[in-house]
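Line by line, the protein sequences are chains A and B. Quick note, the working numbering runs 3 ahead of the 1-based positions in the first sequence. Quick note, the working numbering runs 461 ahead of the 1-based positions in the second sequence. Note that beta-carbon positions come from the ideal geometry of N, C-alpha and C, so glycine has one too. Since this is a predicted model, take the numbers as computed values, not measurements.
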Amino acid sequence: MLAESLFFSAVLFTIGVIGVLTRRNAIIIFMCVELMLNAVNLTFVAFAQVYGVAGQIFVFFVMTVAAAEAAVGLAIIIALFRHRQTVNLSNINLLKG
Amino acid sequence: MTHNNLSLFYVFLFYFFGLVAIISALVFVTRKSPVAAAMWLVSVMFSLAVLYVLLDAQFIGTMQVLVYAGAIMVVFLFVIMLLNLGHPSELADARGVWWKLAAGGVGLAMLAQVFAVTKAQVPAAFVLPENSLANQVARDGAIAPLAGPLFHEYLLAFEVTSVLLLAAIVGAVVLGKRKERTNAR
């Protein structure tokens with residue numbers, strides 16, 4: 004089922020990319036990033052079935068990093084919301100020239 | 462590729478939950494409300510957990526449900542609740558039509574790229590014998606094949622992960638702490 008897994012993974016990753024590009028709500032963009040991480044995890048697990056268990060260990064580390072990223076990222080979003088009263092990224096344009 | 466004698470039920474489950482994951486992901490990126498989007502993302506993660514179990518990764522599937530669908534999504538929902546993101550002004554957040562066209566173009570390009578890579582040949586010397594992972598799981602249980610390498614070859618990475626988590630905890634607390642002098646809100 005390697006080819007099918009790679010297909011599902013590619014489609015899920017692409018949906019995540021499209022979400023990041025088309026949405027402006029910071030939390031939804033963040034969830035799209037999580038979706039992309041999940042798609043990559045599916046690739047790792049599918050390859051682990053063919054190439055050995057190291058792929059599953061990599062998924063383990065990806066999940067740890069995703070948990071850390073979620074904690075810090077959501078803390079940043081809360082800090083941003085306190086500062087600007089919004090999470091709409093089109094209103095947060097301090098770095099825009 | 463592995464499992465030459467796949468049962469029809471296995472193939473049906475695999476395609477079914479793959480399609481559920483993709484449809485849930487499509488619904489997820491088109492929802493306006495963050496809470497509805499989070500719920501559909503949970504559906505994606507449960508379907509992926511089923512796929513992991515079908516791909517002989519039972520422990521990873523369990524972790525997917527516990528860590529992703531459980532812990533991480535609960536944190537997301539807590540933040541959505543704290544920020545009270547239900548205002549109509551917050552809901553209409555999709556970008557303009559040019560952004561959507563650009564996103565569609567990027568998506569098509571990435572899909573084409575991934576499919577081109579999928580067509581590439583892999584050296585046969587790297588491929589495990591068929592069902593070797595499934596046999597290993599049947600012989601040693603679902604956790605031992607993962608735990609052995611994790612605490613031998615990958616021990617340093619495992620320990621570094623604990624430092625990463627500590628840094629994330631400290632960072633989240635520092636960022637989330639309300640400063641006294643700036644009378645925020």
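Original post:
When you compare each of Asn-94(A), Ala-78(A) and Leu-9(A) to Arg-639(B) by their alpha carbons, which one comes out closest?
Top reply: Ala-78(A)
Subject >> Interface positions of the region 35 to 55 of chain A facing chain B (Cβ-Cβ less than 8 Å), listed along the chain >> reply: Cys-35, Glu-37, Leu-38, Asn-41, Asn-44, Leu-45, Val-48, Ala-49, Ala-51, Gln-52, Val-53, Tyr-54 and Gly-55
Subject >> the region 509 to 521 of chain B / the region 593 to 608 of chain B touching (three or more Cβ pairs under 8 Å) >> reply: yes
Subject >> Within-9 Å CB hit, Gln-582(B) to chain A >> reply: no
Subject >> 9 Å Cβ cutoff, Phe-473(B) in contact with chain A >> reply: no
Original post:
Straight-line CA distance for Ile-630(B) to Ile-32(A)?
Top reply: 22 Å
Subject >> Helix, strand or coil at Arg-85(A) according to DSSP, with G and I counted as helix >> reply: helix
**OP:** Taking C-beta pairs closer than 8 Å, name the residues in chain B that Ile-79(A) reaches, listed in chain order.
**Re:** Here the neighbours are Leu-636.
Original post:
Between the region 82 to 98 of chain A and chain B, which residues of the former have CB atoms less than 9 Å from a CB of the latter, in chain order?
Top reply: Ala-82, Phe-84, Arg-85, His-86, Gln-88, Thr-89, Val-90, Asn-91, Leu-92 and Ser-93
**OP:** Pick out whichever of Val-496(B), Leu-572(B), Val-575(B) and Gly-531(B) has its Cα sitting closest to the Cα of Leu-546(B).
**Re:** Val-496(B)
Original post:
Opposite Ala-51(A) in the DSSP bridges: which residues?
Top reply: Answer is none; Ala-51(A) lacks a bridge partner.
Subject >> Distance, Ile-18(A) Cα to Leu-487(B) Cα >> reply: 7 Å
**OP:** Verify the CB distance criterion: does Arg-646(B) have a CB-CB separation below 9 Å to chain A?
**Re:** Only weak support exists for where Arg-646(B) lies, its pLDDT of 49 falling under 50; the value from the coordinates is given anyway. Chain A, which has a Cβ nearer than 9 Å to the Cβ of Arg-646(B), makes this yes.
**OP:** Please determine if the region 579 to 594 of chain B and the region 21 to 29 of chain A are in contact, where contact requires at least 3 C-beta pairs separated by less than 8 Å.
**Re:** no
Original post:
Which stretch, first to last residue, makes up the alpha helix (DSSP H) that contains Ala-6(A)?
Top reply: 5 to 25
**OP:** Please report how far the alpha carbon of Gly-557(B) lies from the alpha carbon of Phe-16(A), in whole angstroms.
**Re:** 22 Å
Original post:
What residues match up with Ala-564(B) in a beta bridge as DSSP calls it?
Top reply: In the DSSP assignment, Ala-564(B) is bridged to no other residue.
Original post:
Where Leu-617(B) and Ser-623(B) are concerned, what is the direct C-alpha to C-alpha distance, given to the nearest angstrom?
Top reply: Cα atoms of Leu-617(B) and Ser-623(B): separation of roughly 10 Å, rounded to the nearest angstrom.
**OP:** Output the residue ranges of the beta strand (DSSP E) runs that lie fully inside the region 565 to 622 of chain B and measure 3 residues or longer, sorted by chain position.
**Re:** none
Original post:
Just to confirm, are Gln-59(A) and Leu-5(A) a CB contact at a threshold of 9 Å?
Top reply: no
Original post:
So, using beta-carbon positions, are Pro-610(B) and Ala-57(A) closer together than 9 Å?
Top reply: yes
**OP:** Put Asn-545(B) into one of helix, strand or coil per three-state DSSP.
**Re:** coil
**OP:** Compare the C-beta of Met-462(B) against all C-beta atoms of chain A and say whether one is closer than 9 Å.
**Re:** Caution is warranted here: a pLDDT of 41 is assigned to Met-462(B), below 50, making its placement in the model unreliable, and no coordinate value can be reported.
Subject >> Residues of its chain near Tyr-513(B), where Cβ-Cβ distance is below 7 Å and the 5 sequence neighbours each way are ignored >> reply: Ile-521, Gly-522 and Gln-525
Original post:
Ends of the alpha helix (DSSP H) at Ala-530(B)?
Top reply: Neither: Ala-530(B) is in no alpha helix (DSSP H) and is coded neither H nor E.
**OP:** Would you mind telling me which residues of chain A sit closer than 7 Å to Gly-479(B), beta carbon to beta carbon, in chain order?
**Re:** Simply Glu-7 and Phe-11.
Subject >> CB of Tyr-529(B) within 9 Å of CB of Glu-72(A), strictly >> reply: no
**OP:** Per DSSP, which residues does Ala-555(B) bridge with? Please list them.
**Re:** The partner list for Ala-555(B) (beta bridge, DSSP) reads Arg-26(A).
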